[in-house]
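In my numbering, the protein residues as written are 3 to 231. Beta carbons: idealized from backbone N, C-alpha and C, even for Gly. The structure presented is a predicted model; accordingly, all values stated were derived computationally and were not measured. Since the structure comes first, as structure tokens, the remarks are kept for the end.
The following block contains the structure:
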């Protein structure tokens, strides 16, 4: 599919600009250690390893890794210990998080040609911390966080809000993200172009495997300026 001429690029944050997925193995290990401390004999070695492996292998788009871990643990979802396990999972997120190669250089190249707005799903405080951790508030024109609005991708309203704040019609905008359902389908549902930054986990997929077809596909974020040239 062809991408229309655009004046605004909206950008996903997690696993498009920064490598949240790459923190999963260590964070799942942190959560599992805490679960074993809390559950004791109720969680034997073999079960703990099976749950850890299933959580690491879980598709973060279909069911989050932490959600998979909690679902498989021998503990009720409403048990107060679940909150401690979740806290252990999130404790080192900002410490472990890394930007993808050439992220800032790519943003500078894009900002010469387009307005740039980040659209990210997640709690406002956490997502704002990620933005500040990498100085992204100075690299883009605006940041739209689902937790601040009470709406999240793929709801078209969050894309429309980003366009409204930028003063640009959705027809003159495109969104870049790694998730087919929330990013690509969401942007197209809002009347915007959709650029898929295909993650490692989806490299083997063909168009026939996808529920929607992106207007443009890149393998790494730093490819975007040349792909739009």
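How far does the alpha helix (DSSP H) with residue i in it extend, from its first residue to its last?
i: residue 47; result: 47 to 59
i: residue 152; result: Taken as a continuous stretch (DSSP letters only), residue 152 belongs to no alpha helix (DSSP H), as it is neither H nor E.
i: residue 40; result: 26 to 41
i: residue 133; result: 126 to 135
i: residue 12; result: Looking at the DSSP string, residue 12 is not in any alpha helix (DSSP H); the run it does join, the beta strand (DSSP E), is 10 to 13.
i: residue 100; result: Looking at the DSSP string, residue 100 is not in any alpha helix (DSSP H), and its letter there is neither H nor E.
i: residue 191; result: 188 to 191
i: residue 212; result: No alpha helix (DSSP H) contains residue 212, which DSSP labels as neither H nor E.
i: residue 87; result: 83 to 92
i: residue 161; result: 158 to 168
i: residue 7; result: Premise fails: residue 7 is in no alpha helix (DSSP H) and is neither H nor E.
i: residue 234; result: A question about residue 234 goes unanswered here, because the residues of the chain that appear run from 3 up to 231.
Hey, quick one: how far does the beta strand (DSSP E) through residue i stretch, first residue to last?
i: residue 195; result: 195 to 199
i: residue 142; result: Looking at the DSSP string, residue 142 is not in any beta strand (DSSP E), and its letter there is neither H nor E.
i: residue 207; result: Run containing residue 207: none; DSSP gives neither H nor E here.
i: residue 177; result: 175 to 179
i: residue 72; result: From DSSP, residue 72 is part of no beta strand (DSSP E) but of the alpha helix (DSSP H) over 67 to 74.
i: residue 121; result: 117 to 122
i: residue 77; result: First-last for residue 77: undefined, no H or E at that position.
i: residue 220; result: 218 to 220
i: residue 19; result: Where residue 19 is concerned, there is no enclosing beta strand (DSSP E), given that its DSSP letter is neither H nor E.
Can you check whether the CB of residue j is closer than 8 Å to the CB of residue i?
i: residue 198; j: residue 219; result: yes
i: residue 142; j: residue 119; result: yes
i: residue 138; j: residue 25; result: no
i: residue 117; j: residue 15; result: no
i: residue 180; j: residue 18; result: yes
i: residue 149; j: residue 129; result: yes
i: residue 217; j: residue 193; result: no
i: residue 158; j: residue 191; result: yes
i: residue 109; j: residue 131; result: no
i: residue 206; j: residue 161; result: no
For residue i, which option in the options has the closest C-alpha, if you only look at C-alpha atoms?
i: residue 215; options: 85, 94, 185 and 230; result: 185
i: residue 51; options: 61, 35, 62 and 230; result: 35
i: residue 105; options: 229, 224, 228 and 230; result: 224
i: residue 93; options: 164, 161 and 68; result: 68
i: residue 227; options: 206, 85 and 113; result: 113
i: residue 84; options: 38, 131, 27 and 23; result: 38
i: residue 6; options: 172, 207, 22 and 168; result: 172
i: residue 201; options: 28, 169, 47 and 61; result: 61
i: residue 230; options: 211, 111 and 125; result: 111
i: residue 66; options: 43, 49 and 91; result: 91
For residue i and residue j, which I take to be in contact (beta-carbon distance under 8 Å), what is that distance rounded to the nearest angstrom?
i: residue 76; j: residue 41; result: 7 Å
i: residue 187; j: residue 156; result: 5 Å
i: residue 174; j: residue 8; result: 6 Å
i: residue 56; j: residue 74; result: 6 Å
For residue i, which residues in the same chain have their Cβ closer than 8 Å to its Cβ, ignoring the five residues on either side in sequence?
i: residue 54; result: 30, 31, 34 and 71
i: residue 209; result: 215
i: residue 86; result: 36 and 40
i: residue 2; result: Because the chain spans 3 through 231 in this model, residue 2 falls outside it and cannot be assessed.
Please return the same chain residues whose Cβ sits closer than 6 Å to the Cβ of residue i, not counting the five positions on each side in sequence.
i: residue 164; result: 12, 119, 121 and 146
i: residue 101; result: 20 and 136
i: residue 133; result: 139 and 145
i: residue 23; result: 17
Tell me which residues share the same chain as residue i and place their Cβ nearer than 7 Å to its Cβ, disregarding the 5 neighbours each side in the sequence.
i: residue 123; result: 148, 154, 155 and 184
i: residue 27; result: 58
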